[in-house]
Every structure is written in C-alpha cells, then in structure tokens.
Amino acid sequence: MSWRTYTVKEEVDTTVSAYVKERFSLSSRNVQMIFRKKRVKVNSRVAHSKRMLRKGDVITIELPQDKDYGVEVEKGPIEVLYEDEHTLVVYKSPFMLVHPAGQTKYHTLSNLVAGYYAKRGEVHKIRPVHRLDRDTTGVIMFGKTREAEQYYTKQLQEGRIHRVYRGLVEGKITSDGVVNEPIGVDPVFDNRRCVDEFGQDAVTEYHVIEYDDVQSLLEFTLLTGRTHQIRVHMAHIGHPIIGDAMYGMRKKPYTRQALHAYSLTFIPYGQSELVTVIAPVPSDLGRELQNKKLP
C-alpha cells in the first residue's frame with residue numbers, strides 16, 4: 001500500500017468519502033474498502049466516511065500500489081524532461097512506438113520507461129497520458145499513479161493541457177490559420193485517417209514562424225487530439241508535412257515526417273502552478289526547425 005496526503009485548499013460542502021472518490025478517481029467499491037479498513041485519516045485521525053470536510057483539512061489515504069509495469073522491462077537510454085512523485089515527462093526518439101501494439105512487444109518508449117523505473121527500484125504501471133506517432137519526436141507524459149493518469153486525461157479532454165508542435169510543411173504559407181475539419185478512419189486503408197464529415201471534431205491552429213517559396217516552418221497548437229491530426233489537416237489544405245510518406249511524399253534528406261512535439265504546458269497533479277516542458281529538436285529535422293526561436 002502507498003500513503004498519499006492532500007490538503008483541502010478550497011471551501012467544500014461534501015463528505016470525505018465523496019471527496020476522496022472524486023479526488024483520487026476511485027470506484028465506489030474501493031472507497032468502501034478503504035474506509036472499512038480504516039485507511040483514510042483527516043488531520044491525523046481515522047475518518048468516518050460521512051465526516052464533512054472543511055478548507056484546510058489534511059487528508060491522508062492509503063492506496064493500493066501497482067504490482068507490475070504492465071509491459072516488459074527493457075534497459076536503455078531515456079531523457080527525462082520533468083519528474084515528480086506522480087508524473088514523468090520524457091523525450092521520445094523517432095522510429096519508436098509509445099506503447100507495445102500488435103506484433104511489437106519490445107523496443108517501445110514504454111519498455112524503456114519501465115526499465116527506468118526498475119533501475120530506481122520503483123514499480124509503476126506504465127500509463128502514457130497521450131500518444132505520438134511512431135516517427136514523431138518530442139515531449140510525452142506518463143502518469144505514475146492511476147489517479148494522476150486520470151487527472152491528466154481529464155485535463156486533456158477539457159483543453160487544460162497546452163500542446164505545441166513544430167513542423168515543416170510543403171509550400172508557402174504567409175499567415176496564421178485554423179483548420180476545423182472532422183477526422184475519421186480512411187474508408188480504404190484503416191491505418192490512415194482522412195477528413196470526414198461524419199468523423200470526430202478536430203481543430204488545429206497554426207502559426208507561421210518562417211517561410212520561403214518552397215516550404216514553411218509552422219507552430220501548431222492542438223485544440224483536440226485525433227490520430228494523425230496535424231498530418232491529416234495540413235495535407236487536406238494542400239500543405240502536407242515534409243517527409244510524410246503517408247499523407248504527402250518522402251523527400252530527401254528527411255527519412256520521416258518533419259514534425260516535433262515541442263512543448264507541454266500543464267499544472268502537475270497535486271500542484272497549483274503551471275509548468276512548461278520543452279523537448280529539444282532533433283538534429284535530423286534540419287537547421288530550419290532546430291534554430292528557430294518562439295516569437
């Protein structure tokens with residue numbers, strides 16, 4: 001079991017059982033269990049489930065620990081960009097899946113994260129909060145605990161996590177814009193996505209950093225999180241990501257799409273201040289993408 005402590009920072013009108021159920025994303029069954037086993041304290045005293053909470057109360061709760069990682073442990077280098085007791089943010093290299101899928105059981109980022117935890121003597125189920133395409137590089141977040149993962153998932157759904165990408169697209173774009181087109185599964189190739197009037201809502205904002213006659217360097221902000229969203233939207237308006245063989249064409253010297261998850265801005269679980277994490281741009285995306293500064 002693992003003890004967690006949380007201070008009630010706002011005025012509330014609820015019982016401790018209702019509060020911990022919401023705050024720690026627990027099922028009704030688990031809430032009943034932890035109160036029955038006296039694993040909830042308020043201000044250092046064992047709490048009754050019907051006790052009313054007040055601002056400033058300190059809740060201490062004992063939660064079950066993870067028993068395994070959920071994936072095979074694999075040793076290897078990993079670049080940590082941010083870490084606390086609930087959250088891990090790391091850099092994802094190109095040509096790597098975030099999580100095992102299909103026939104790929106090893107050599108994913110999740111396997112390496114499990115190896116990182118194991119080396120430190122920690123056991124956390126691997127919980128990626130979001131995904132990046134295999135060939136896309138950049139910042140990606142993992143929740144160390146179930147409640148942290150569910151907190152971040154909700155934050156994503158509510159648009160409270162700000163994700164910024166950078167990429168090179170084909171053609172000259174001289175002004176900022178928004179692509180607001182629904183995305184669905186391609187009717188011919190189910191591993192592809194396409195603009196589809198019956199698909200899920202998808203909104204991508206783009207800001208022009210620099211351009212010439214043949215290509216443009218853009219900064220993208222995702223207002224939704226659909227599979228291949230930036231790649232599909234930019235191809236739809238006639239400016240596919242350079243090097244994207246699926247939605248455009250592969251162009252030398254790029255061996256993959258020139259797309260990078262540049263930054264993530266969020267309020268860490270259990271905290272109140274915004275944090276911005278920036279992932280270094282890899283050298284294979286070229287001087288244009290690597291050396292530009294945010295305006």
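Following the UniProt record's numbering, the numbering of the sequence shown begins with 1 at its first residue and continues without gaps. The beta carbon of each residue, even a glycine, is placed where N, CA and C say it ideally should be. Remember, predicted model here, so these are calculated numbers, not experimental data.
Check	Outcome
I'd like the span of the alpha helix (DSSP H) that includes M141, first residue to last.	No alpha helix (DSSP H) contains M141, which is instead part of the beta strand (DSSP E) from T137 to G143.
Give the DSSP-derived three-state secondary structure of A101 in the structure shown.	strand
How would you label M249, buried or exposed, when you count the other beta carbons within 10 angstroms and need 16 or more for buried?	exposed
So the candidates are V113, D212, G159 and Q150; which of them puts its Cα closest to the Cα of P77?	V113
Who are the near neighbours of V71 in its chain, counting only those whose CB is closer than 7 Å to its CB and skipping five residues on each side?	P100, S110, N111, A114 and I126
Are the beta-carbon atoms belonging to R166 and E219 less than 7 Å from one another?	yes
Assuming Y91 is part of the beta strand (DSSP E), what are its boundary residues?	T87 to K92
By the three-class DSSP mapping on this structure, what secondary structure does residue 301 have?	In this structure the chain extends from 1 to 295, so residue 301 is not present and cannot be described.
Can you tell me whether E181 is buried or exposed, with buried defined as 16 or more other CB within 10 angstroms of its CB?	buried
Buried or exposed: which applies to R29, given that a residue is buried once 16 or more other Cβ atoms fall within 10 Å of its Cβ?	exposed
Run through DSSP, which three-state label would N111 get?	helix
According to DSSP, is R166 part of a helix, a strand, or is it coil?	strand
Would you kindly check if the distance between the Cβ of H124 and the Cβ of Y117 is under 7 Å?	yes
Taking C-beta to C-beta, are Q215 and L285 nearer than 7 Å?	no
At which residues does the alpha helix (DSSP H) containing T153 begin and terminate?	R146 to Q157
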